[in-house]
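Worksheet: one structure, shown below.
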Amino acid sequence: MGSSLCAPRQLDNNNNNKSRIITSSSCLSNEQSNPFETSFSKKERSCLRTTFQRLSDPKEIIGQIFVDIVNDVCPEFKRIFGVERAPKAAMLKMPKLGGHASRMADFIEQMTLMIGFTENLAGAWQLVRKTGRLHAKVPFLEQNQNQLERNYIAIVCTSQMNEAFELERQKCLNADNQKTLAPHQHVEEAERKKRINAERANELEASLPQIQKQKEEELFEDPF
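Heads up, the sequence shown is in our numbering, so the first residue is 433 and it goes up one at a time.
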């Protein structure tokens with residue numbers, strides 16, 4: 433976001449309290465504040481990125497979360513993701529569900545990279561809000577979101593993701609304890625994970641300029 437073309441530009445408005453700022457990918461009210469700036473310290477943002485990097489296989493973990501969601505939490509999603517007749521073990525091989533889980537993993541990977549590594553907090557906020565807007569256009573969510581006071585985004589992103597994250601974090605803590613007791617058994621595995629994480633970060637960094645260039649070509653009106 434360092435280009436001068438991306439600098440905010442004030443628009444004249446009769447109501448000074450509701451003046452708006454045009455950014456590279458959305459129009460945001462200046463009354464709003466970026467939660468990644470106000471709710472997290474720099475150390476906490478770095479910790480979030482480091483914690484995500486320590487997961488052995490994020491895509492597999494997130495995929496299993498989605499499988500649990502469509503089987504146990506929201507069975508009505510089976511039809512949406514085209515897995516009504518698929519056995520549980522084969523659900524992630526189905527294109528809709530498998531692709532959605534993969535994109536979700538990439539989304540979290542990119543978001544934590546911008547929050548905890550490149551410090552692109554504005555880009556991370558825009559990415560999250562754009563994802564929310566895209567989901568608001570899904571017909572199933574539009575028709576069923578408020579029935580029986582169900583909020584599917586909260587079910588997926590708050591309840592299930594948090595629960596699975598805590599379980600996986602506990603596994604990581606247990607693994608750390610094992611490393612303390614027998615460090616020589618984990619040196620090779622630690623180096624392998626470090627190499628994989630570095631390669632993943634390099635790939636994402638290489639793709640960011642192209643993604644940002646595409647975002648700069650459009651201005652999205654923020655409905656929130």
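Note that the Cβ used here is the ideal one computed from N, Cα and C, for glycine as well.
All of these numbers come straight from a predicted model, not from anything done at the bench.
* To do: Count the other C-beta atoms from every protein chain shown that fall within 10 angstroms of the C-beta of Gly555, then say buried if there are 16 or more, exposed otherwise.
  => Within the sequence shown, numbered from 1, the residue matching residue 555 stands at position 123. That one is buried.
* To do: Return the first residue and the last residue of the alpha helix (DSSP H) that Glu516 is part of.
  => Translated into positions along the sequence shown, residue 516 becomes position 84. Careful: Glu516 lies outside any alpha helix (DSSP H) and carries neither H nor E.
* Asked: Can you tell me whether DSSP reads Glu508 as helix, strand or coil?
  -> In the sequence shown, the residue the question calls residue 508 occupies position 76. Reduced to three states, the DSSP call for Glu508 is coil.
* Asked: How big is the Cα-Cα spacing for Asn503 and Glu598?
  -> Your numbering for residue 503 matches position 71 in the sequence shown. Your numbering for residue 598 matches position 166 in the sequence shown. So the two alpha carbons sit approximately 20 angstroms from each other.
* Using 8 angstroms as the Cβ pair cut-off and three pairs as the minimum, do the stretch 621-638 and the stretch 541-553 touch? -> yes
* If you follow the alpha helix (DSSP H) that Phe484 is part of, which residue opens it and which one closes it? -> What you label residue 484 is simply residue 52 of the sequence shown in a count that begins at 1. Counting along the chain, the alpha helix (DSSP H) containing Phe484 begins and ends at 474-485.
* Asked: Excluding sequence positions up to five away, which residues of its chain have a Cβ less than 6 angstroms from the Cβ of Gly495?
  -> The residue labelled residue 495 in the question sits at position 63 within the sequence shown. Leu524, Ala533, listed in sequence order.
* Asked: With distances taken between CB atoms, is the gap from Glu600 to Leu487 smaller than 9 angstroms?
  -> Indexing the sequence shown from 1 puts residue 600 at position 168. Indexing the sequence shown from 1 puts residue 487 at position 55. Contact: yes.
* To do: May I ask you to report which of helix, strand or coil DSSP gives Asp538?
  => Taking the sequence shown and counting its residues from 1, one reaches residue 538 at position 106. Reduced to three states, the DSSP call for Asp538 is helix.
* Decide if Phe468 is buried, meaning its Cβ has at least 16 other Cβ atoms within 10 Å, or exposed. => Start at 1 with the first residue of the sequence shown, and residue 468 comes out as number 36. Buried, because 16 or more other Cβ atoms sit within 10 Å of the Cβ of Phe468.
* Mind checking whether Lys474 and Glu595 have CB atoms under 9 angstroms apart? -> As a working note, residue 474 is residue 42 in the sequence shown. As a working note, residue 595 is residue 163 in the sequence shown. For Lys474 and Glu595, no; Cβs fall outside 9 angstroms.
* Which residue comes first and which comes last in the alpha helix (DSSP H) that contains Ile494? -> The residue you call residue 494 lines up with position 62 of the sequence shown. Taken as a continuous stretch (DSSP letters only), the alpha helix (DSSP H) holding Ile494 covers 490-500.
* **Given Met546 as reference, the closest of Ser478, Ile628, Arg627, Thr470 once Cα atoms are compared** => The residue you call residue 546 lines up with position 114 of the sequence shown. For the residues Ser478, Ile628, Arg627, Thr470, the minimum Cα distance to Met546 belongs to Ser478.
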